[in-house]
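Notes to accompany the following structure.
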Amino acid sequence: MTLDQKLVAFRTIFYKEVVRFSRIWIQTILPPVITTSLYFIIFGGLIGRQIHAMEGVRYMDFIVPGLIMMSVITNSYSNVVSSFYGAKFQRSIEEMLVSPTPNWIILSGFIAGGVARGLVVGGVVTLVSLFFSRLHVYNPWVSVSVVLLTAVLFSLGGFINSIFARNFDDISIVPTFVLTPLTYLGGIFYSIQMLPEFWRRISLGNPILYMINAFRYGFLGISDINLDLSYGIIIAFILVLVAISLYLLDRGYGMRS
Amino acid sequence: MTPALSIRNLTKTYQSGYTALKGIDLDVNPGDFFALLGPNGAGKSTTIGIVTSLVTKTGGKVSVFGHDIDTDFSKAKSCIGLVPQEINLNIFEPLIQILANQAGYYGIARRRALERAEYYLGRLGLWDRRNDAVRTLSGGMKRRMMIARALIHDPRLLILDEPTAGVDIEIRRSMWEFLREINAAGTTIILTTHYLEEAESLCRHIAIIDNGLLVENTTMKKLLAKLHTETFVLDLRMPLTQLPPLPGHDIRMLDGHTLEVEISRDSGINKLFADLSARNIEVLSMRNKTNRLEQLFMSLVEGSRQHRGACRRRQA
Ligand SMILES: Nc1ncnc2c1ncn2[C@@H]1O[C@H](COP(=O)(O)OP(=O)(O)OP(=O)(O)O)[C@@H](O)[C@H]1O
Ligand SMILES: [Mg+2]
């Protein structure tokens, strides 16, 4: 395949992914928007009024970046999981496997699709948040780059999950037992400065903490942790997951007998 | 001349430990219409799976138009179009999207991809359903859809794994016409089927696999010439109570109105009719008892099984 043809193949997979989640937007875009709005109303609006400022910002303004990030994380992940697992389950993935499209293009296409859904949902959630808070933007480059990298990272996670999944239950195990707890404990609703020393140290082992903090820094200019460290951790995770994904694809794990 | 498909000493042992292919050698010439036959579980789909890179081989070499599937896989894959045995369409996707996307995986730009998709939807009688999701199609329509998908990038080698399973007679005939046409236009075709009259009417070369080994690989003409005798069934006008002696003919009475006769290729059929007429037995109609290829197929597979049985007994 020439580079041009590879580009066509990439665009085809990406476009197909966007068409897929747009066609079923009631299942893919609407639910996270409703859930996040409820968080805004309950935690930010009702309970948040009783909570005093967090690191010098209104509680509502403090939680908005974390909630946006949470929706990006879950949606990037679940887009790739359900799309790729669905293709594996129906065996329509063979359409790509018999074609000359190289594995790294297949991977990029699915990842781009996951990133697109993460960003669309994140964007809509951001718009909704404008009803509840004033959006400060301290450093847009940080926000944009962190959200993009995080979406890539969790799309990759979803990809690997779906390669290993043998049935529909397997695709909800990681989100339920790993992703959701880590996200909630990643400092969406609180600053880890509030935690006792011991729990603060434990929290520093949670990679999602670094993403949420870096993202929040882009908006509010405050962070519990060092920004370079955040980038370093995110990029390191991405590199490792890319390597694992390509290895599994080349082996045809779970797809070729 | 570079063969369209060349397979050397191909072996496959599945993870379960089962050895499905025990060393297959096969060449398919460009432009050929090739039948790959064999009983259920013989290893046909396994062979096709390896050629199309859906199954990993244990040993051996495969090349497609001279492109090795291991070292030159991009070119090899571009040459092949596959219609798999099992339906592997995304049931939620509209037909036109599936086809246009498939073209995209071969690097065909969107506009051109859509044109080609429309053309093949028309050719395979699916134009009216182009915007419907696959799940709304009948089984036969899904089969035709898979043929359209396999052809979307103009492959030089089309491999069809039981394309006509569950397809009605009318559509099956029109599929045959269609396949003949694209074969005449230069596409090499490999076909597996359990309908032997299909293989007989379409294919020029034939290979028979049984239990992971090739038991026959020859031209259809030569194979059919191996058939020394044919069994015919004769329907009679007047019922017989007893079969008069007919020396020199291997003939049986099935019931008063029907006779069954073995005719050897050397003696021909005229003498039989002359002898029957002489005894005032009037024949209304005559037909082959089984399809000719079917008869051969059975004897070849039986033969290879007996041979294996004998070997096993000797080893024991
Ligand atoms: N994934 C697998 N794991 C283990 N064994 C397998 C697998 N796929 C096929 N086999 C075995 O390999 C043998 C050959 O199967 P294959 O599908 O190639 O047969 P086939 O000739 O296509 O038969 P059919 O006419 O029924 O389609 C069978 O015994 C089958 O059980
Ligand atoms: Mg088969």
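Going down the list, the sequences are from chains A and B. Counting from 97, one number per residue, gives the positions in the first sequence under the working numbering. Counting from 4, one number per residue, gives the positions in the second sequence under the working numbering. Cβ atoms here follow ideal geometry from the backbone N, Cα and C, with glycine treated the same way. Remember, it's a predicted structure, so these values are computed and weren't measured experimentally.
### Task
Step through the CB atoms of chain B and report whether any lies within less than 8 angstroms of the CB of A105 (chain A).
Yes, its Cβ sits closer than 8 angstroms to a Cβ of chain B.
**Prompt:** Going along the segment 178-199 of chain A in order, which residues come within less than 9 angstroms of chain B, judged by CB to CB distance?
**Reply:** Within the segment 178-199 of chain A, the qualifying residues are G182, A183, Q186, R187, S188, I189, E190, E191, M192, L193, V194, S195, P196, T197 and P198.
**Asked** Is it a yes or a no for the segment 109-118 of chain B touching the segment 67-75 of chain B, going by three-plus beta-carbon pairs under 8 angstroms?
**Response** In short, these stretches do not touch, since the Cβ pair count stays below three.
Problem set entry | 8 angstroms Cβ cutoff met for N134 (chain B) and I174 (chain B) | Against a cut-off of 8 angstroms, the Cβ pair of I174 (chain B) and N134 (chain B) comes out as no contact.
* Per-residue DSSP class, three states only, for S56 (chain B) -> Three-state result, S56 (chain B): coil.
For the alpha helix (DSSP H) that K292 (chain B) lies in, which residues bound it at each end? In the DSSP assignment, K292 (chain B) falls outside any alpha helix (DSSP H), carrying neither H nor E.
Checklist entry - chain B beta carbons: is any one of them nearer than 8 angstroms to that of F348 (chain A)? => result Note that residue 348 (chain A) corresponds to Gly in the displayed sequence, not to Phe. So yes, G348 (chain A) belongs to the interface.
Notebook entry, point to check: For ligand 1, which residues count as neighbours when the test is a C-beta closer than 5 angstroms to any heavy atom?
Noted result: One residue list follows from the rule of a beta carbon closer than 5 angstroms to any heavy atom of ligand 1, given in chain order as A:S353, B:Y17, B:S19, B:Y21, B:A23, B:N43, B:G44, B:A45, B:G46, B:K47, B:S48 and B:T49.
So, with DSSP's three-state summary, where would you put T5 (chain B)? Here T5 (chain B) sits in coil by DSSP.
- Query: What are the boundary residues of the alpha helix (DSSP H) that includes N309 (chain A)?
  - Reply: Taken as a continuous stretch (DSSP letters only), the alpha helix (DSSP H) holding N309 (chain A) covers P303 to L316.
- Message: Contact criterion: CB-CB distance below 8 angstroms. Does S258 (chain A) meet it with respect to chain B?
- Response: Chain B, which has no Cβ nearer than 8 angstroms to the Cβ of S258 (chain A), makes this no.
Give the straight-line distance between the Cα atoms of I192 (chain B) and H208 (chain B), rounded to the nearest whole angstrom.
-> Taking the straight line from one Cα to the other gives about 10 angstroms.
Query - Contacts of R262 (chain A) in chain B (Cβ-Cβ under 8 angstroms) - result: By Cβ distance, chain B contributes nothing, its closest Cβ being about 14 angstroms from R262 (chain A), past 8 angstroms.
Quiz item: Beta carbon of R296 (chain A), beta carbon of E89 (chain B): below 8 angstroms?
Solution: In this structure, E89 (chain B) does not lie closer than 8 angstroms to R296 (chain A) by Cβ.
Distance between T16 (chain B) and S326 (chain A) (C-alpha atoms, nearest Å): Rounded to the nearest angstrom, the two C-alpha atoms are 47 angstroms apart.
**Prompt:** Given that a residue counts as buried once 16 or more other Cβ atoms are within 10 Å of its Cβ, and exposed if not, what is Y280 (chain A)?
**Reply:** When all chains shown are included, Y280 (chain A) counts as exposed.
_Rounded C-alpha distance that separates I259 (chain A) from D73 (chain B)_ = Between the C-alpha atoms of I259 (chain A) and D73 (chain B) there is a straight-line separation of about 23 angstroms.
When you compare the CB of G107 (chain B) with every CB in chain A, is at least one pair closer than 8 angstroms? Taking Cβ atoms only, chain A reaches closer than 8 angstroms to G107 (chain B), which makes this a yes.
Check: Looking at A261 (chain A) and L215 (chain A), is the spacing between their C-beta atoms short of 8 angstroms?
Finding: Taking 8 angstroms as the Cβ cut-off, L215 (chain A) and A261 (chain A) do not qualify as a contacting pair.
Practice task
Kindly indicate which residue of B:I150, B:N214, B:P166 and B:E233 has the alpha-carbon position closest to the one of Q309 (chain B).
Solution key: That would be B:N214, whose Cα lies nearest to the Cα of Q309 (chain B).
Requested in this report: Show which residues of chain B have a CB atom less than 9 angstroms away from the CB atom of S204 (chain A).
Outcome: Taking the beta carbon of S204 (chain A) as reference, no residue of chain B falls within 9 angstroms; the closest one sits roughly 13 angstroms away.
Chain B contacts made by the segment 161-173 of chain A, where a contact means CB separation under 9 angstroms: Within the segment 161-173 of chain A, no residue has a Cβ lying closer than 9 angstroms to any Cβ of chain B.
Requested in this report: Kindly indicate if chain A contains any beta-carbon less than 8 angstroms away from that of T222 (chain B).
Outcome: Under the Cβ distance rule, T222 (chain B) does not count among the residues neighbouring chain A, no pair being separated by less than 8 angstroms.
- Task: Note down the Cα distance separating A120 (chain B) from T131 (chain A), rounded to an integer number of angstroms.
- Result: A straight-line Cα-Cα distance of about 41 angstroms links A120 (chain B) and T131 (chain A).
Using three-state DSSP, classify M256 (chain B) as helix, strand or coil. The three-state reading of DSSP puts M256 (chain B) in strand, counting E and B together.
- Query: Looking at C-alpha atoms only, which residue of B:K25, B:D278 and B:L154 is the closest neighbour of K60 (chain B)?
  - Reply: Closest by alpha carbon: B:K25.
| request: Compute the beta-carbon to beta-carbon distance between R213 (chain A) and N171 (chain A), rounded to the nearest angstrom, for a pair I have assumed lies under 8 angstroms. | output: So it is a contact: roughly 5 angstroms between Cβ atoms.
- prompt: Is any beta-carbon of chain B found at less than 8 angstroms from that of Q289 (chain A)?
  reply: Under the Cβ distance rule, Q289 (chain A) does not count among the residues neighbouring chain B, no pair being separated by less than 8 angstroms.
_Please give me, in chain order, every unbroken run of the beta strand (DSSP E) with length at least 3 that falls completely inside the segment 163-205 of chain B._
Fully enclosed beta strand (DSSP E) runs of 3 or longer: 191-195.
Taking A354 (chain A) as the reference, which of A:I138, A:S118 and A:V243 has the closest Cα?
Examination of residue 354 (chain A) is not possible in this model, given that chain A is present from 97 through 353 alone.
Report task. Tell me, please, whether the CB atom of Y17 (chain B) is closer than 8 angstroms to any CB atom in chain A? Result -> So, interface residue.
Are the C-beta of S77 (chain B) and some C-beta of chain A separated by less than 8 angstroms? Judged by the 8 angstroms Cβ criterion, S77 (chain B) is in contact with chain A.
Discussion item. Can you pull out the residues from the segment 54-71 of chain B whose beta carbon lies closer than 9 angstroms to at least one beta carbon of chain A?
Written reply: Going along the segment 54-71 of chain B in chain order, one finds T55, S56, L57, V58 and T59 with a Cβ nearer than 9 angstroms to chain A.
Please list, in chain order, the chain B residues whose beta carbon lies closer than 7 angstroms to that of S118 (chain A). Correct list: empty, because the minimum Cβ distance to chain B is about 13 angstroms.
Original post:
Any idea what DSSP makes of A151 (chain B), helix, strand or coil?
Top reply: Correct three-state label for A151 (chain B): helix.
Report task. List the whole-angstrom C-beta distance separating V168 (chain A) from V217 (chain A), where the pair is believed to meet the contact cut-off of C-beta under 8 angstroms. Result -> 7 angstroms between Cβ atoms; contact.
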